[in-house]
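The structure under discussion appears below in the form of structure tokens.
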Amino acid sequence: MMLTTTSTEYDETRLGYQRRDPHRPAVIFPVTSATEVEEAVRYAIDHDEKIAVQASGHGLTRGIDGGVLITTLKFNGVTVDPDKKTAWIEAGATWHDVMEATAPYGLAPLSGSFPGVGAVSYTLGGGLGLMARRFGYAADHVRRIELVTMDGVRRDADGDLFWATRGGGGNFGVVTGIEIELFDVPTLYGGSLYFDLAEHPDVLEVWRTWTKTVPDEVTTAMALVPLPDIPPIPPALRGKYIAQVQLAILADNPEALIERLRAIGQPALDTVGTMPYVESGKIFAEPDRPDSFSSRNVLVSDLDPTALATVPKLAGPEASTMCVVGIRHLGGALTQEPAVANAICHRDAAYSITVISPGEDHASELHDAVLEPWRDLTVGRLLNFNGAGLDLRDVYDPETLNRLTELREQYDPDHRLCANHQL
Ligand SMILES: Cc1cc2nc3c(=O)[nH]c(=O)nc-3n(C[C@H](O)[C@H](O)[C@H](O)COP(=O)(O)OP(=O)(O)OC[C@H]3O[C@@H](n4cnc5c(N)ncnc54)[C@H](O)[C@@H]3O)c2cc1C
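According to the working numbering, the stretch in the sequence shown is residues 17 to 439, in order.
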């Protein structure tokens, strides 16, 4: 089935989670199978049209005007092989779909903070998950990728193409499915300690020094969030500038590992405990309402205390636009190259810092100001955490970028495919 601009389902099908600059295609193919993906790509080739792909729409940067939009949300099957501990994930499956399928076997994928994110695009972009320091990037644990390249041919990514698609994003074809490794993680110890920064200004420094001591079984992050005084914000958090310490721990002694954090004092809200992995979206508890937002990310070599102390001043409640700053602790298994090399760069980064602002306006000047104190420590950027305008020279080292660009020319010489972060 093909939708045109006059179809009643046109708007609901083209609009995803990110509402800033949505796609305005001439036609939409809401695909449900790999065969339908092939048909959609061939239609675009025959009519000499551009192609964009959308699953959940969390990673949209710039909508296409005209052309063909392939939407995959209804092509979302997940098949688990409990003996091999792998899952075959169709193009449009979200992490929620994947976790629901793997949970009955006590197995977990390397999913991220928000279960509604599309598993395929997350993984093509690297995939920094809740167990990242223990197991590495999601793209380090991919066994197979099937895609339809811009000559209309469905193929398995092998050789250079397999290298490129694990970390190089959606630049090489329309991926129909991926096979990923699963891990024996039926439950994990995690959640968030929400501290009121006005009461506990030491949280940042305590968390910074604590991260230097933790084993790889601890993956942790911190979000600094100025919360409005309105429902549906939980009453305990309303109107406060919150430091949300996010924890996902696989160790046997998790309580002992977080003693230093508990010693900070009473959090305004505490959601930490043992939970089934399938409920791990509760850890970050990110909003699930479609919205417009802009984001910018840097990878840094260290969390300098002087730079860290500037964050509440530059991005706190006094900032001109609401600004959420998310800092993720890296290292551990993220530093290790996988057995079969992939395109991920900057594995030596120690922390990732992302600034996010809601709304239609470009908050780019504010984001620049918030990230300025980190300039000397910046070693790169993560593909997945950046909005529009990302310079891919910051994501890849020159050799990797050259190789990716050459492969893109080989598989899409007409530049038909419009990826969110275009090579
Ligand atoms: C609330 C939130 C939480 C997040 N948490 C994490 C996290 O913990 N870790 C992390 O690494 N990232 C995270 N991200 C970033 C996320 O992984 C990327 O934005 C990702 O691109 C989203 O994929 P999607 O399918 O949901 O989005 P879409 O907007 O549907 O897809 C993004 C882009 O991927 C490409 N694409 C999608 N499907 C295909 C396909 N089948 N074939 C080829 N190309 C395709 C297209 O270029 C498309 O524009 C988060 C984002 C949000 C908004």
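Heads up, the beta-carbon is just placed ideally off N, CA and C, and yes, glycines get one too.
Measuring from the CB of residue i, is there a heavy atom of ligand 1 at a distance below 8 Å?
i	result
THR77	yes
SER72	yes
GLN282	no
ASN358	no
LEU315	no
LEU163	yes
GLY185	yes
PHE45	no
GLY206	no
TYR455	Any question about residue 455 goes unanswered here, given that the chain covers just 17 to 439.
THR95	no
TYR427	no
SER336	no
TYR138	yes
According to DSSP, simplified to helix, strand and coil, what is residue i?
i	result
ILE343	strand
ASN418	helix
ARG224	helix
PHE45	strand
ALA107	coil
LEU177	helix
ARG278	helix
GLY289	strand
TYR153	coil
ASP428	coil
ASP410	helix
VAL230	coil
SER308	coil
Could you give the C-beta distance for residue i and residue j, rounded to a whole number, given that I count them as a contact under 8 Å?
i	j	result
VAL371	LEU387	6 Å
THR203	MET291	6 Å
HIS345	THR165	About 37 Å separates the two Cβ atoms, so there is no contact after all.
SER310	ALA379	5 Å
Kindly list the residues whose CB is nearer than 7 Å to the CB of residue i, restricted to its own chain and excluding five residues on each side of it in sequence; keep chain order.
i	result
HIS112	PRO131 and GLY132
LEU253	TYR210, LEU243, ALA284 and LEU285
ALA71	THR88, LEU89, ALA107, GLY108, GLY134, VAL136 and SER137
PRO389	ALA323 and THR326
Return the chain-ordered list of same chain residues with a C-beta closer than 6 Å to the C-beta of residue i, the five sequence neighbours on each side being excluded.
i	result
LEU31	PRO38
ASP81	ARG40
PHE401	ASN313 and THR370
ILE67	ALA60, VAL84, ARG432 and LEU433
SER208	GLN260, GLN262 and THR287
With respect to 8 Å, is the separation between the Cβ of residue i and the closest non-hydrogen atom of ligand 3 below this value?
i	result
GLN262	This structure does not include ligand 3; its bound ligands are ligand 1.
For residue i, is the classification buried or exposed, using 16 other Cβ atoms within 10 angstroms of its Cβ as the cut-off for buried?
i	result
VAL356	exposed
PRO244	exposed
GLY143	buried
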